[in-house]
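Student:
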Amino acid sequence: MVRLKDVARLAGVSITTVSHVVNQSRAVAPETRARVQRAIAALDYRPDTVARTLKSRRSRTIGMIVTSADNPFFSALIRGVEDHCFACGYSLMLCNADDVDDKQVAYLETLLERRIDGLIVMTSRNGPGFLAALNRQALPTVMLDAAATPRPDIAVVNDDSRLGARLAIEHLLARGLDDIALLTGPADHPRSEERLAGARAACEAVGLALPASRIIVTNLQADGGHAAMRTLLNKGPRPQAVFAFNDLTAIGALRAAVDAGLRLPDELSIIGYDDIDIGRYASPALTTIHQPIYELGATAIAQLIERLEHGRPFDPVTALPPSLVIRESVRQRLP
Ligand code: RIB
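In this text, residue positions in the sequence shown follow our numbering: the first is 1, and each later residue adds one.
Spelled out as structure tokens, the structure:
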């Protein structure tokens with residue numbers, strides 16, 4: 001195994017100088033830096049990250065636990081985290097925990113054993129064991145999509161889901177659609193609860209009732225949206241419009257409506273939430289609420305690295321604004 005001293009001997013410099021070049025920890029004369037870099041290349045030297053971590057107590061590695069990178073929402077958010085990590089010289093260890101409490105706990109333990117420097121948690125639903133384990137560990141941590149934090153010094157970054165839901169309902173009402181069904185997420189899904197509260201408030205503001213029969217709980221996946229739409233269409237008079245709490249659910253519901261022979265959007269309007277890229281290619285193209293997904297990830301990791309590098313305190317809660325994206329799946333207002 002090639003060591004620092006081998007590089008130093010070949011380059012004709014001290015071990016300390018080689019260490020400064022490798023760790024970029026002090027300015028080194030360009031000619032000397034070049035000589036060291038040529039020796040590193042010639043010997044194919046690779047720093048011993050385990051030894052460096054133990055010595056510096058820094059691994060320059062961020063751990064991230066997500067619900068599932070399968071959903072394009074999470075993959076776009078992960079991209080925002082990863083790009084910033086790379087730009088700042090950090091590695092990212094990504095764990096898909098599928099919102100299963102035991103997996104969340106197991107992955108957290110693994111990441112802590114790997115001496116990560118900081119943690120990002122992007123899990124839509126958090127088990128009691130996981131929240132307790134999060135509370136016990138002391139690493140700088142930023143949570144996304146969380147309702148509240150288990151520990152005062154854990155930062156939260158979210159979209160403003162109540163505003164997003166209000167924008168969706170107001171758009172449907174503005175198009176003359178007031179018989180609205182909601183396809184929500186599970187009851188323990190904090191973002192879904194926020195969207196439901198926002199939708200209820202927007203309806204109450206205009207005196208519009210939201211009967212329980214018009215609220216269907218889904219798994220926030222395409223299959224759940226497809227099944228929920230079939231239930232709606234089989235259960236009696238269909239609504240004028242459906243507000244799905246994420247785009248995957250909306251796309252599944254849209255498919256079921258087309259399969260049932262409905263002409264969209266004239267016979268049924270659909271609006272989603274997230275603005276994942278595939279929505280623009282649905283037929284009709286999906287009107288939705290844009291979450292600043294990439295920015296959510298970039299904001300979370302930027303806060304975390306600022307804390308790690310400069311000790312900057314976290315902003316307790318950051319809510320990024322959603323916005324309405326009008327495409328084709330909500331009908332125009334009738335004359
Ligand atoms: O599509 C995944 C959904 O769950 C998104 O709306 C995001 O907010 C997460 O909570």
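Glycine included, every Cβ here is placed at the ideal spot set by N, Cα and C. A quick note: this is a predicted structure, and the numbers were derived from the prediction, not measured.
With distance defined between alpha-carbon atoms, name the residue in 83, 300, 320 nearest to residue 142.
Tutor: The residue labelled residue 142 in the question sits at position 142 within the sequence shown. Nearest C-alpha to residue 142: 300.
Student: Would you call the segment 305 to 320 in contact with the segment 269 to 287, where contact means no fewer than 3 C-beta pairs closer than 8 Å?
Tutor: No, because fewer than three Cβ pairs between the segment 305 to 320 and the segment 269 to 287 fall closer than 8 Å, the two stretches do not touch.
Student: Look at the Cβ atom of residue 62, then the Cβ atom of residue 90, and state whether they are nearer than 7 Å.
Tutor: Position 62 of the sequence shown, counting from 1, holds the residue named residue 62. Position 90 of the sequence shown, counting from 1, holds the residue named residue 90. Yes, these two residues count as a Cβ contact at 7 Å.
Student: Per the DSSP calculation, residue 96 is bridged to which residue(s)?
Tutor: The residue you call residue 96 lines up with position 96 of the sequence shown. DSSP, once it has assigned bridges, lists 66 as partnering residue 96.
Student: Report all residues from its chain with a CB closer than 6 Å to the CB of residue 103; omit the five preceding and five following residues, and keep chain order.
Tutor: Here residue 103 refers to the residue found at position 103 when the sequence shown is read from its first residue. Excluding residues within five positions, the ones whose Cβ falls inside 6 Å are 97.
Student: Sort out for me which residues DSSP pairs residue 275 with in a bridge.
Tutor: Taking the first residue of the sequence shown as 1, we reach residue 275 at position 275. According to DSSP, residue 275 bridges with nothing at all.
Student: Which residue marks the beginning of the alpha helix (DSSP H) containing residue 229, and which one marks its end?
Tutor: For the purposes of this step, residue 229 is taken as residue 229 along the sequence shown, with counting starting at 1. That run of the alpha helix (DSSP H) goes 222 to 234.
Student: Could you compute how far the alpha carbon of residue 162 sits from the alpha carbon of residue 194?
Tutor: Here residue 162 refers to the residue found at position 162 of the sequence shown. Here residue 194 refers to the residue found at position 194 of the sequence shown. Approximately 5 Å between the Cα atoms of the pair.
Student: Would residue 73 pass as a contact of residue 275 if the rule is Cβ separation under 7 Å?
Tutor: If you number the sequence shown from 1, residue 73 lands on position 73. If you number the sequence shown from 1, residue 275 lands on position 275. In this structure, residue 275 does not lie closer than 7 Å to residue 73 by Cβ.
Student: Run through DSSP, which three-state label would residue 317 get?
Tutor: Taking the first residue of the sequence shown as position 1, residue 317 is located at position 317. Looking at residue 317 - three-state DSSP - the assignment turns out to be strand.
Student: Is residue 124 near ligand 1, going by C-beta to nearest heavy atom under 6 Å?
Tutor: Taking the first residue of the sequence shown as 1, we reach residue 124 at position 124. Residue 124: yes, Cβ under 6 Å from ligand 1.
Student: Please classify residue 236: is it buried, with 16 or more other beta-carbons within 10 angstroms of its beta-carbon, or exposed?
Tutor: Here the question's residue 236 lines up with position 236 in the sequence shown. Exposed, because fewer than 16 other Cβ atoms sit within 10 Å of the Cβ of residue 236.
Student: Whole angstroms is fine: what's the gap from residue 57's alpha carbon to residue 158's?
Tutor: Along the sequence shown, read from residue 1 onward, the residue named residue 57 stands at position 57. Along the sequence shown, read from residue 1 onward, the residue named residue 158 stands at position 158. Computed Cα separation, rounded: 31 Å.
Student: Is any heavy atom in ligand 1 found nearer than 6 Å to the beta carbon of residue 99?
Tutor: Numbered from 1 along the sequence shown, position 99 holds the residue referred to as residue 99. False, no ligand heavy atom lies under 6 Å from that Cβ.
Student: Would you say residue 81 and residue 297 are within 7 Å of each other, going by their C-beta atoms?
Tutor: Here residue 81 refers to the residue found at position 81 of the sequence shown. Here residue 297 refers to the residue found at position 297 of the sequence shown. Cβ atoms of residue 81 and residue 297: closer than 7 Å.
Student: Out of 200, 256, 245, 246, point me to the one whose CA is closest to residue 238's CA.
Tutor: Residue 238 sits at position 238 when you count from the first residue of the sequence shown. Closest by alpha carbon: 256.
Student: May I have the straight-line CA-CA distance separating residue 126 from residue 59, to the nearest angstrom?
Tutor: Your numbering for residue 126 matches position 126 in the sequence shown. Your numbering for residue 59 matches position 59 in the sequence shown. Between residue 126 and residue 59, the C-alpha separation is close to 27 Å.
Student: Any heavy atom of ligand 1 closer than 6 Å to the Cβ of residue 162?
Tutor: Position 162 of the sequence shown holds residue 162. Residue 162 Cβ: outside cutoff for every heavy atom of ligand 1.
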